[in-house]
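Participant: If you count by our numbering, then the first sequence holds residues 7 to 178, one letter each, in order.
Every residue gets a Cβ at the ideal spot worked out from N, C-alpha and C, and that includes glycine.
From a predicted model like this one, the values you see are computed outputs, not experimental measurements.
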Amino acid sequence: MNWTDERVETLRKLWAEGLSASQIAAQLGGVSRNAVIGKVHRLKLSSRGRATAAPARQKKVANGAASVKPVATRSTTTTRTVTSIGATALQTQFDAEPVARHYIRPVEDVVVPISRHLQLVELNERTCKWPNGDPLSEDFHFCGNDAAETGPYCKYHAKIAFQPAAERRRSR
DNA sequence: CCCTGATTCGC
DNA sequence: GCGAATCAGG
Numbered sequence: 007m008n009w010t011d012e013r014v015e016t017l018r019k020l021w022a023e024g025l026s027a028s029q030i031a032a033q034l035g036g037v038s039r040n041a042v043i044g045k046v047h048r049l050k051l052s053s054r055g056r057a058t059a060a061p062a063r064q065k066k067v068a069n070g071a072a073s074v075k076p077v078a079t080r081s082t083t084t085t086r087t088v089t090s091i092g093a094t095a096l097q098t099q100f101d102a103e104p105v106a107r108h109y110i111r112p113v114e115d116v117v118v119p120i121s122r123h124l125q126l127v128e129l130n131e132r133t134c135k136w137p138n139g140d141p142l143s144e145d146f147h148f149c150g151n152d153a154a155e156t157g158p159y160c161k162y163h164a165k166i167a168f169q170p171a172a173e174r175r176r177s178r
């Protein structure tokens, strides 16, 4: 997956909108959040409000000479299971403004739909049951993305549902 | 544990 | 230029 002008444009836009790197990565599809962050830096459009301060980084020395071997300070297992690409997205809580407005591109390799348009009867044990729209309206539907057996919602909606105060701050 | 962005560095 | 690995913090 390469950074086409279009994708870069989307990146810029979403980043400006305040979406997190992982969410942008999910939107673009085919890239990890690290890729997004890396790109953001290269484009020199880092700062955006406040996230994490930028203290003078000064660790991580993978040199080949004068290695010191720190005697494994990392005792709590190093297993990290990289699961960057969550196949879901959440637009509802962001006022459906960031992405819902300009909408998706050609969509070809995307594995990340905004929401499947499922009706109540179409839900099963593994579909996200996050509701979208007005229950009284006809276009009311559910997210429907994979929810695994960890709960009634997909990864993102689970966060929104069970942890509102965390970072809801900017929901305009 | 989950997440966030920041940085480094091999490719 | 790219992005995984890593770090530091919430």
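Name, in chain order, the residues that DSSP records as bridge partners for residue 147.
Facilitator: DSSP output for residue 147 lists 138 as bridge partner(s).
Participant: Using the rule of at least 16 other Cβ atoms within 10 Å of the residue's Cβ for burial, across every protein chain shown, is residue 45 buried or exposed?
Facilitator: With 16 or more Cβ atoms within 10 Å of its Cβ, residue 45 is classed as buried.
Participant: Based on Cα-Cα distance, which residue from 38, 159, 23 and 160 lies nearest to residue 9?
Facilitator: Of the candidates 38, 159, 23 and 160, the one whose C-alpha sits nearest the C-alpha of residue 9 is 38.
Participant: DSSP state of residue 16, grouped into three classes?
Facilitator: Residue 16 falls in the helix class under three-state DSSP.
Participant: Which word fits residue 32, buried or exposed, when buried means at least 16 other C-beta atoms lie within 10 angstroms of its C-beta?
Facilitator: Buried.
Participant: Could you give the first and the last residue of the continuous alpha helix (DSSP H) run that contains residue 44?
Facilitator: Residues 39-48.
Participant: For the alpha helix (DSSP H) that residue 28 lies in, which residues bound it at each end?
Facilitator: Residues 27-34.
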